[in-house]
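So the structure is just underneath, and the comments pick up after that.
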Amino acid sequence: MESLPDVKERKVEGKHDEPLLRVENLKKYFPVKSGFIFERTVGYVKAVDGVSFEIRRGETYGLVGESGCGKTTVGKTILRLYDPTEGDIILDGVNIAKLSEKELLPYRTKMQIVFQDPVSSLNPRMTIGNMLSEPLLFHGIAKNKSEARKIIAKLLEEVGLKAYHVDRYPHQFSGGQRQRIAIARAISVNPSLIILDEPTSALDVSVQAQIIKLLRKIQDEINAAYIFISHNLALVRFISDRVGIMYLGRIIEEGNADEIFENPLHPYSKLLLESVPIPDPKRKRKRKMDDTGVPSPMSRPNGCFFHTRCKYRMRICEIEYPEMVDFGNGHKVACHLFGR
Ligand SMILES: Nc1ncnc2c1ncn2[C@@H]1O[C@H](COP(=O)(O)OP(=O)(O)O)[C@@H](O)[C@H]1O
Ligand SMILES: [Mg+2]
Numbered sequence: 057m058e059s060l061p062d063v064k065e066r067k068v069e070g071k072h073d074e075p076l077l078r079v080e081n082l083k084k085y086f087p088v089k090s091g092f093i094f095e096r097t098v099g100y101v102k103a104v105d106g107v108s109f110e111i112r113r114g115e116t117y118g119l120v121g122e123s124g125c126g127k128t129t130v131g132k133t134i135l136r137l138y139d140p141t142e143g144d145i146i147l148d149g150v151n152i153a154k155l156s157e158k159e160l161l162p163y164r165t166k167m168q169i170v171f172q173d174p175v176s177s178l179n180p181r182m183t184i185g186n187m188l189s190e191p192l193l194f195h196g197i198a199k200n201k202s203e204a205r206k207i208i209a210k211l212l213e214e215v216g217l218k219a220y221h222v223d224r225y226p227h228q229f230s231g232g233q234r235q236r237i238a239i240a241r242a243i244s245v246n247p248s249l250i251i252l253d254e255p256t257s258a259l260d261v262s263v264q265a266q267i268i269k270l271l272r273k274i275q276d277e278i279n280a281a282y283i284f285i286s287h288n289l290a291l292v293r294f295i296s297d298r299v300g301i302m303y304l305g306r307i308i309e310e311g312n313a314d315e316i317f318e319n320p321l322h323p324y325s326k327l328l329l330e331s332v333p334i335p336d337p338k339r340k341r342k343r344k345m346d347d348t349g350v351p352s353p354m355s356r357p358n359g360c361f362f363h364t365r366c367k368y369r370m371r372i373c374e375i376e377y378p379e380m381v382d383f384g385n386g387h388k389v390a391c392h393l394f395g396r
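With the working numbering applied, the sequence shown covers 57 to 396.
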């Protein structure tokens with residue numbers, strides 16, 4: 057990671073005052089069915105349950121939290137790969153939360169996603185050239201195949217691959233190269249928002265650094281906003297301008313990346329960030345994250361969802377969900393310790 061330029065020097069260009077994306081009270085519940093012949097809904101997994109945040113153009117928003125807290129579901133619901141149960145998704149001033157598939161079409165190019173596993177996200181039976189030309193032709197970015205070929209050659213170069221790679225199949229590439237292809241596909245339609253869902257988790261550390269470098273370069277060039285989902289907290293701190301910490305379907309703390317990592321306020325954030333591995337072997341990790349007793353999103357506790365694991369819990373924590381308190385400077389926390 058030493059070879060990478062300092063992310064904090066980068067300024068976020070606010071050409072417009074209006075954020076690129078404003079998510080308000082977003083909810084996604086998955087029904088839980090039971091019964092053999094006559095299925096009925098016996099409950100809901102409240103995967104996302106009232107998430108609000110905004111992102112400006114060219115900004116990177118890191119989304120962190122334990123596995124199963126709803127990060128991927130937030131991403132997929134914003135992209136309208138899932139229909140939201142409730143809430144607003146305001147992209148460039150337009151609420152896309154309730155648009156029909158047809159109405160959504162012009163917005164599909166504005167938002168793209170890169171998943172963790174490029175093996176399953178790339179069609180094994182398609183050449184890279186055909187795979188990359190599909191969205192170009194479908195969205196009318198290229199008028200014909202030869203125009204698509206020209207654009208693809210530029211895209212491949214942009215992500216550090218070669219023009220002659222077009223005739224190859226995904227299995228002929230390494231993991232890092234496949235992720236470069238997935239990134240090329242995402243940027244081919246000139247999106248203003250890219251959701252990166254654990255984009256480097258399947259890669260070796262050295263390859264990871266190259267991909268991060270590539271993502272930074274691309275962001276500087278196309279000024280896209282990134283939602284960066286990862287459980288690698290050091291990486292999240294490195295790449296993010298702001299960070300949101302999720303617990304059981306809600307954001308419980310949010311702020312500038314440095315502020316969050318240096319001064320986490322929520323007891324859950326403290327626990328999560330303390331469990332980041334410390335590179336210096338002489339220094340012992342203070343505490344390891346204990347994920348026993350994590351409540352399920354199907355049957356969450358009353359009051360603050362975290363109170364069952366919280367060593368600071370008070371009476372009110374068992375009764376009332378805490379309101380988000382803003383400390384100014386964008387640092388917000390939902391915890392009764394900081395209630396008004
Ligand atoms: N398609 C789905 N159907 C039912 N439950 C789901 C579905 N996708 C995710 N979930 C559940 O929603 C919760 C959040 O999942 P997810 O968004 O994948 O979390 P994360 O990405 O933070 O690990 C989990 O309890 C998961 O089991
Ligand atoms: Mg996930």
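We treat Cβ as the ideally placed atom computed from N, Cα and C, and that holds for glycine.
Fair warning: this is a prediction, and the values are worked out from it, not measured in the lab.
Excluding residues up to 5 positions away in sequence, A242, P247 and I250 lie with their Cβ nearer than 6 Å to the Cβ of Q168 in the same chain. Annotation for P323: the continuous alpha helix (DSSP H) segment containing it runs P323 to E330. In this structure, the beta-carbon distance from L304 to P255 does not fall below 8 Å. By the Cβ criterion, the segment 123-139 is in contact with the segment 101-112, since at least three pairs of Cβ atoms, one from each stretch, lie closer than 8 Å. Setting aside the 5 residues that flank it on each side, E374 is surrounded in the same chain by N358, G359 and H363, each with a C-beta closer than 7 Å to its C-beta; the list follows chain order. Relative to ligand 2, the nearest heavy atom lies less than 7 Å away from the CB of K127. The segment 75-93 makes contact with the segment 140-159; the number of CB pairs closer than 8 Å reaches 3 or more. Y282: member of the beta strand (DSSP E) spanning A281 to I285, first to last residue. Its chain contains R78, V79, E80, N81, L82, N151 and A153 as the residues whose beta carbon lies nearer than 8 Å to that of D144, once the 5 sequence neighbours on both sides are disregarded; these appear in chain order. As a beta-bridge residue in DSSP terms, A390 pairs with M380. Partner residues in the beta bridge of G311, as assigned by DSSP, are V299.
Here T116 carries a strand assignment [DSSP, helix/strand/coil]. In the DSSP annotation of this structure, the continuous segment of the alpha helix (DSSP H) that includes K132 starts and ends at K127 to I134. For Y100, the enclosing beta strand (DSSP E) has its first and last residue at R96 to I111. Rounded to the nearest angstrom, the Cβ distance from G232 to V263 is 4 Å, consistent with a contact under 8 Å. Each residue's CA atom was taken as its position, placing S355 and G185 some 47 Å apart. For K166, no alpha helix (DSSP H) segment is defined, and its DSSP state is neither H nor E. Three or more beta-carbon pairs separated by less than 8 Å are not found between the segment 269-285 and the segment 90-98, which leaves the two stretches without contact. In the three-state DSSP reduction, G232 falls in the helix class (H, G or I).
In its chain, beyond the 5 residues on either side, A219 have a beta carbon closer than 8 Å to the beta carbon of E213. In this structure, E115 and D297 form a Cβ contact; the two beta carbons are roughly 5 Å apart against a cut-off of 8 Å. Here the distance from the Cβ of D173 to the nearest heavy atom of ligand 2 is not below 7 Å.
Just measuring C-alpha positions, the residue of R164, I308, A265 and Y324 sitting nearest A290 is A265. Taking C-beta separations shorter than 7 Å and ignoring five residues to either side along the sequence, the partners of F86 in its chain run Y100, V101 and A103, following chain order.
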